[in-house]
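**Q** Residues in the sequence shown are numbered from 1 upward in steps of one, following full-length UniProt numbering.
My questions all concern the structure below.
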Amino acid sequence: MNGDAKKSDSIIAPKIGPILVSGSRDKTIKFFDINAGCCLFTLIGHDNWVRGLRFHPAGKYLLSVADDKTLRVWAIAQKRCAKTLDAHKHFVSSLDFHPSLPYVVTSSVDMTIKVWECR
Numbered sequence: 001m002n003g004d005a006k007k008s009d010s011i012i013a014p015k016i017g018p019i020l021v022s023g024s025r026d027k028t029i030k031f032f033d034i035n036a037g038c039c040l041f042t043l044i045g046h047d048n049w050v051r052g053l054r055f056h057p058a059g060k061y062l063l064s065v066a067d068d069k070t071l072r073v074w075a076i077a078q079k080r081c082a083k084t085l086d087a088h089k090h091f092v093s094s095l096d097f098h099p100s101l102p103y104v105v106t107s108s109v110d111m112t113i114k115v116w117e118c119r
């Protein structure tokens, strides 16, 4: 695929469509069309390595964490960052949604885990 996915450290696929999303060392998040083999668009906003990605269960938002210590909420349709949270004191290494409650959990190399309420 075109778009330098080789530097990706986090790759996810939404539940619908032939799409892959990658988070990279180059600080970007790229949306790829699997069938066409090309990059559809790139989200720019993190100041360091993107470590983790998760789609909101409703599919309208993408969440990302990075070595810039932030958790970002991306409005996919608008292709922009809707919210940035200073999440941890050190690199944020992972995130996930609680399966039945409106919470996101993040972890960091600062040895903390934080729970965030989704609103």
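Think of the CB as a built atom: it goes at the ideal place given N, C-alpha and C, for glycine as much as any other residue.
Note that the coordinates shown come from a computational prediction; the quantities given were computed from them, not determined experimentally.
Drop a sphere of 10 angstroms on the beta-carbon of V105, count the other beta-carbons inside from all chains shown, and report buried for 16 or more, exposed for fewer.
**A** When all chains shown are included, V105 counts as exposed.
**Q** Output the residue ranges of the beta strand (DSSP E) runs that lie fully inside the UniProt repeat "WD" (85–119) and measure 3 residues or longer, sorted by chain position.
**A** Whole beta strand (DSSP E) segments, 3+ residues: 92–97, 103–108 and 113–117.
**Q** CB I12 to CB F55, shorter than 8 Å?
**A** Result yes, Cβ atoms of I12 and F55 sit closer than 8 Å.
**Q** When the Cα atoms are used, what is the spatial distance from R25 to L101?
**A** The straight-line gap from Cα to Cα measures roughly 31 Å.
**Q** Please confirm whether W49 and A77 have their CB atoms less than 8 Å apart.
**A** No, Cβ-Cβ distance for W49 and A77 is not below 8 Å.
**Q** So, are the CB atoms of I29 and L43 less than 8 Å apart?
**A** Yes, Cβ-Cβ distance for I29 and L43 is below 8 Å.
**Q** What did DSSP end up calling W74 once you bin it into helix, strand or coil?
**A** Looking at W74 - three-state DSSP - the assignment turns out to be strand.
**Q** Who are D26's beta bridge partners in DSSP?
**A** Looking at the DSSP assignment, D26 forms no beta bridge with any residue, so it has no partner.
**Q** With a threshold of 7 Å on Cβ separation, who are the neighbours of D86 within its own chain once the five nearest residues in sequence on each side are excluded?
**A** Cβ within range, chain order: K69 and T70.
**Q** Quick one: give me the first and last residue of the beta strand (DSSP E) that G52 is part of.
**A** From DSSP, the beta strand (DSSP E) with G52 extends over V50 to F55.
**Q** Out of A58, G23 and Y61, which has the shortest C-alpha to C-alpha gap to D47?
**A** Checked all of A58, G23 and Y61; the closest Cα to D47 is G23.
**Q** In terms of residue numbering, what span does the beta strand (DSSP E) encompassing A58 cover?
**A** Here A58 belongs to no beta strand (DSSP E), and DSSP marks it neither H nor E.
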